[in-house]
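Beneath this line is the structure, given in C-alpha cells, with notes to follow.
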Amino acid sequence: MTIVIKIGGSTLGDNDTSLQDIVHLAEAGQRPIVVHGGGAMITDWLTKLNITTNFVNGLRSTNPDALEVVIAILRGVVNTTLVTQLTQLGGRAVGISGVDNSLIQAEQYNSDLGLVGKITKINNDLLIPLLDNNIIPVIAPIGIESLSQPLNINADTVAGEIAASINAEKLVFLTDVDGIMDDSGALVPTLTVQTSNALKEAGILKGGMIPKVDAGFTASKAGTFVHIINGTLAYSLQQLMDGNLSGTTIKGG
Ligand SMILES: Nc1ncnc2c1ncn2[C@@H]1O[C@H](COP(=O)(O)OP(=O)(O)OP(=O)(O)O)[C@@H](O)[C@H]1O
Ligand SMILES: [Mg+2]
C-alpha cells in the first residue's frame, strides 16, 4: 500500500514517534512516502535574518531572499534531519526535493506571492524505483518552474498532488491538532466539500488548515483515503493504520 505522509513542522522534533511508525510501515512491506513542511523553522530564520514575509490564504509570499532561506531550511536542515532520524531508526530513506528529476513542476501564482509555485505537473518517475527498493522517499516541498527556477510550494499541496499522481491508497496529514474543529470546537469526523466551504466562510477553518483541506480534496477526488490526525500523540500513525484512530477523514472534492 502506498501511503503519503505529510509531516507538519509543528510535530517535528519533540519526541516524535511518527518516524518510528513510518519505519515500521516500511518494514511491514508498505510503501510510505514522506512530505515535510518546516514553516516554523523558516519563520525563525527569516526573523533572525530580518527578512519580512506575509501570508496570503495560508501561503507565504516569497521574495528571492526568502526563497534562499526556504531552500536552505527545507532541503538543508529539515530534510537532512528527517533522513538522519529515519536512518537512525533503522529505515532506508533518501531525501529529495521537487527539483530533483523535475519531480514537482510548477509556475508562479502571481506577483503578490512572488516565488511561490502552483503545481502544474508531477513527474513521479523517481519515486517508483525508490519504493520498489523499499526506500522511503523524503520530499522537501520545492518545485521547479520552466526547468530553471526553484519555487516555494506549500507542503500540504505537494502531499495532495503526489498522492493523486501516484494513486496512493492513503494520504495522512500529521499535524498538531486532532483534526478539523467546528464552531463549537468539536472534532469533525468526516469533512465534505460543503462543510469545508461553510467552515471557511465562517472563518473557522483558516490559516494553515486551508491548504491541507484543499490538498485533501485533490487526493480524495483521485480515489485516495485522506486523514488529518494529531502527529503529536504517540503512535498516532500506527493507530490510524490499525483502525483505532481516525481524526478527520476528508471525503469528496
Ligand atoms: N477549523 C480548524 N480546525 C483545526 N485547526 C485549525 C482550524 N483552522 C485553522 N487551524 C489551525 O491549523 C493549524 C495546523 O496547520 P499548520 O499549518 O499550523 O500546521 P502543519 O501544516 O501541521 O505544520 P507546517 O505548516 O509547519 O508544515 C492548527 O494548529 C490550527 O491552529
Ligand atoms: Mg502548514
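The working numbering applies: residue 199 is where the sequence shown begins, and numbers increase by one. Cβ atoms here follow ideal geometry from the backbone N, Cα and C, with glycine treated the same way.
So what's residue i in DSSP terms, helix, strand or just coil?
i	result
E305	strand
A357	helix
T245	helix
V297	coil
L287	coil
V375	coil
G256	coil
L349	strand
E225	helix
G341	strand
L431	coil
P387	coil
L443	coil
K419	helix
L280	helix
T250	coil
L313	coil
T215	coil
L369	strand
I269	helix
Using 8 Å for Cβ pairs, my map puts residue i next to residue j. What's the rounded Cβ distance?
i	j	result
V424	T447	7 Å
V275	L247	About 14 Å separates the two Cβ atoms, so there is no contact after all.
L329	R258	Actually they do not touch by this definition, with Cβ atoms about 30 Å apart.
V314	P339	Going by Cβ atoms, the distance from V314 to P339 rounds to 11 Å, so no, they are not a contact pair.
I317	G293	In fact, because the Cβ distance is near 20 Å, the residues do not count as touching under 8 Å.
A362	T416	6 Å
I364	L325	6 Å
L385	S394	L385 to S394, Cβ: 14 Å. No contact.
Return yes when the Cβ of residue j is within less than 7 Å of the Cβ of residue i, no when it is not.
i	j	result
L438	I426	no
G206	L372	yes
I203	V370	yes
K319	T388	no
V215	A400	The amino acid at residue 215 is misidentified as Val; the sequence shows Thr. Taking 7 Å as the Cβ cut-off, T215 and A400 do not qualify as a contacting pair.
L280	V336	yes
A264	T251	yes
Q218	L287	yes
D354	A413	yes
I201	K419	no
T456	D374	This structure leaves residue 456 out entirely; the chain is present only between 199 and 451.
N157	L301	A query on residue 157 cannot be resolved here, the shown segment of the chain reaching from 199 to 451 and no further.
A224	I360	no
E343	A304	yes
Flag this pair as touching only if the segment 346 to 362 and the segment 296 to 306 have three or more C-beta atom pairs under 8 Å; answer yes or no. yes
Whether or not the segment 399 to 409 and the segment 375 to 387 are in contact is what I'm after, with contact meaning three or more pairs of Cβ atoms, one per stretch, closer than 8 Å; do they touch? yes
Answer yes if the segment 250 to 264 comes into contact with the segment 273 to 289, meaning at least three C-beta pairs across the two stretches below 8 Å, and no otherwise. no
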